[in-house]
Every structure is written in C-alpha cells, then in structure tokens.
Amino acid sequence: MASILCRSLLMMSLRQSSSLKRCSLVYIRPISSDHHHQHYRPLMLMNLPRIAYPNIFFIIKNFFSRAIINGHFDSTFAIKPFCDGARQALTVVSQLIGNGQFDDLSGFVTREVINEVKQNYEHLSSQQKQQIPVEEGEIIFSCPYLIGLIMDEETKTRMVEITMIFHILKNPESYREEMFEGSGSAFSNWLLTVKKMRDNIIICNYKFLRNMSKNAQDDSWIITGLNHWSPNEYFQQN
1 MASILCRSLL MMSLRQSSSL KRCSLVYIRP ISSDHHHQHY RPLMLMNLPR IAYPNIFFII
61 KNFFSRAIIN GHFDSTFAIK PFCDGARQAL TVVSQLIGNG QFDDLSGFVT REVINEVKQN
121 YEHLSSQQKQ QIPVEEGEII FSCPYLIGLI MDEETKTRMV EITMIFHILK NPESYREEMF
181 EGSGSAFSNW LLTVKKMRDN IIICNYKFLR NMSKNAQDDS WIITGLNHWS PNEYFQQN
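Numbering (our numbering), first residue to last: 1 to 238.
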C-alpha cells in the first residue's frame, strides 16, 4: 500500500511540476553558474517526444486497438505478457548501451536507432552514462502509452507499434528508508522523500514494432525508437 501511495504522489508531483505532455527538446540553453558559463547537454539518447505519464484518451483508444488486434491480427496477443517482455527488453538494451556494446544491439533495435543512440551517447557525461543501465528492481512504474495500428490495404500489411513508458529510480530501497526512518515527522519525511524521488527519476520511452501480416517472414518485436531522459533536467531547461 505504501508503495502504491508513494507512486501516486510521485505521479502528481510530476504533473504539477510542468504542463509537460509531448514536447521535444531541440535547442539546449546554456546553464550558468556563479563563476562561469558552460554548455550543458541534458540526458538524451534520441530526439523523441518526451512522454511522462499516461493519457486518458489513449487508454480508451488502446482498448479498441487491442480488440482489433485480437479479432483481426493475432488472437493470442495479450498486453500483460507484452509489457513483461518490454520490461525485460529495457533492461537488456539499456545494459548493452551502458556498456557501449552497440554492435550487440542488432536484433533488438533497428540500425537507425543504433546509429542515433551511439552518436548521442558519446556526448553524455560520465554521470549521465551511469544512469543508462536499468535493473528490473529499478522500474517503479511502467505502462503502454499508445498502441498504434498501421494498415495498408494494397500490400495487406498489418503493423502494430506500442509506445511504452518506464519510470526508473536508482536504489529505490534507500528512499523507503528515508521515508520511514527520517528525523522529521512522518508527513514531512514523506513529502521530502517524494520530492527527492521526483528530482532523481529517469523516464524511458521505448517504441516496439511488430509485423502482424499473415505471411510475415519475421513477426518478432523490434525497437524503433528509445529515449532516456530526466524530467528534472528538462524542467531546468524550460
């Protein structure tokens, strides 16, 4: 129950920090200090729309998309096994990126994604690079944001693209200790810990594509877009 309430407060905190919906950070402003000015590059692996939380309209739309998939594309498709597989894919792919093993990403992600991610990864600071690898226990929230259907009647092509949201928190156990064992009151400890969690959270947006055409030679899921970004960095820039 505590983890559910904490997650709810964290989502509310993210919403209140900014009117962020789906926006792409293209131009990066320099952050100044008291002694000098330096150009700061926020955490980013691909220049994709930054998606922080679910959209109620898409939740309804996804229900109908799943009905179409089960009725016309693949009767065995189920969202929970997909989400479980997506979480595993996130951990594997992020570990490979964090280790600089870009050649080993082939088969998991498209070549276009590999090229862009590799280029942006090289510009990250050492601290940002340490934030890339994700362990299963660090995923505190995940959900499908949008289930998109791509249909071409001429070629009889049936493609499904699912965009996933993952909220990542490094060393989550330390926050639980601060929340329940802090020196202040229970309520103040709760608020301070939630604020700290909000400031340190990393959001991952991954796009998965699968060819569900009847005669598809390869019907496995492949990642066609991915990004790791920090809401705290984004809010500082805007």
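Backbone N, C-alpha and C fix where the C-beta goes; we use that ideal spot for every residue, glycine too.
Excluding the five sequence neighbours on either side, which residues of its own chain have a C-beta within less than 6 Å of the C-beta of D199, listed in chain order? Within the sequence shown, residue 199 is the residue found at index 199, counting from 1. Answer for D199: N232, listed in chain order.
In the structure shown, what three-state DSSP assignment does D152 receive? Mapped onto the sequence shown, residue 152 falls at position 152. If DSSP states are grouped into helix, strand and coil, D152 belongs with the strands.
Please report the residue range of the beta strand (DSSP E) in which M164 lies. Position 164 of the sequence shown holds residue 164. T157 to I168 is the extent of the beta strand (DSSP E) around M164.
Measuring straight from C-alpha to C-alpha, what distance separates V117 and W221? Residue numbering aside, residue 117 sits at position 117 when the sequence shown is read from its first letter. Residue numbering aside, residue 221 sits at position 221 when the sequence shown is read from its first letter. If you take the alpha carbons of V117 and W221, they lie about 19 Å apart.
Straight-line Cα distance separating Y206 from A89: Here residue 89 refers to the residue found at position 89 when the sequence shown is read from its first residue. Here residue 206 refers to the residue found at position 206 when the sequence shown is read from its first residue. Each residue's alpha carbon lies about 10 Å from the other.
Alpha carbon of I140 to alpha carbon of P49, nearest angstrom: For the purposes of this step, residue 140 is taken as the residue at position 140 of the sequence shown. For the purposes of this step, residue 49 is taken as the residue at position 49 of the sequence shown. Cα to Cα, I140 sits roughly 21 Å from P49.
Inter-stretch contact at 8 Å, needing at least 3 Cβ pairs: the segment 179 to 199 / the segment 148 to 164: no
Any 3 or more C-beta pairs closer than 8 Å across the segment 79 to 94 and the segment 107 to 121: yes
R66, enclosing alpha helix (DSSP H) - first and last residue: Indexing the sequence shown from 1 puts residue 66 at position 66. I56 to I68 is the extent of the alpha helix (DSSP H) around R66.
With distances taken Cα to Cα, identify the nearest neighbour of R87 among L169, I223, H228 and E136. Within the sequence shown, the letter at position 87 stands for residue 87. Nearest of L169, I223, H228 and E136 to R87, Cα basis: E136.
Can you list, in chain order, the residues of its chain whose CB lies under 8 Å from that of I114, leaving out five sequence neighbours each side? As a first step, residue 114 must be located in the sequence shown, where it is residue number 114. The residues are F102, L105 and S106.
Identify, in the order they occur along the chain, each residue of the same chain with its Cβ nearer than 8 Å to the Cβ of A67, setting aside the five sequence neighbours on each side. Locating residue 67 in the sequence shown gives position 67, counting from the first residue. Within the same chain, A67 has no close Cβ partners at all.
Can you check which of these residues, M44, I59, T193 and F166, is closest to E173 by C-alpha distance? In the sequence shown, residue 173 corresponds to position 173, counting from 1. Of M44, I59, T193 and F166, the residue nearest in Cα terms is T193.
With F82 and I168 assumed to form a contact (beta carbons below 8 Å), what rounded beta-carbon distance in angstroms separates them? Here residue 82 refers to the residue found at position 82 when the sequence shown is read from its first residue. Here residue 168 refers to the residue found at position 168 when the sequence shown is read from its first residue. Taking 8 Å as the upper bound for CB-CB distance, F82 and I168 are not in contact here, some 19 Å apart.
Taking all protein chains shown into account, do 16 or more other C-beta atoms lie within 10 angstroms of the C-beta of F63, making it buried, or fewer, making it exposed? As a working note, residue 63 is residue 63 in the sequence shown. Burial call: exposed.
Residue range of the beta strand (DSSP E) that R111 falls in? Taking the first residue of the sequence shown as 1, we reach residue 111 at position 111. Looking at the DSSP string, R111 is not in any beta strand (DSSP E); the run it does join, the alpha helix (DSSP H), is R111 to Y121.
Buried or exposed for I56, please, with buried defined as at least 16 other CB atoms from any protein chain shown within 10 angstroms of its CB. Here residue 56 refers to the residue found at position 56 when the sequence shown is read from its first residue. That one is exposed.
Taking 6 Å as the limit between beta carbons, can you name the residues of its chain near M212, skipping five residues before and five after? Counting from one through the sequence shown, the residue named residue 212 turns up at place 212. These residues qualify, in order along the chain: F73, D74, R158 and V160.
Ignore the nearest five residues each way along the sequence and tell me which others in G184's own chain have a CB closer than 8 Å to its CB. What you label residue 184 is simply residue 184 of the sequence shown in a count that begins at 1. For G184, where only same-chain residues beyond five positions count, the Cβ hits under 8 Å are L192.
By DSSP, does K195 sit in helix, in strand, or in coil? By one-based count along the sequence shown, residue 195 stands at place 195. In this structure, K195 counts as helix in the three-state DSSP scheme.
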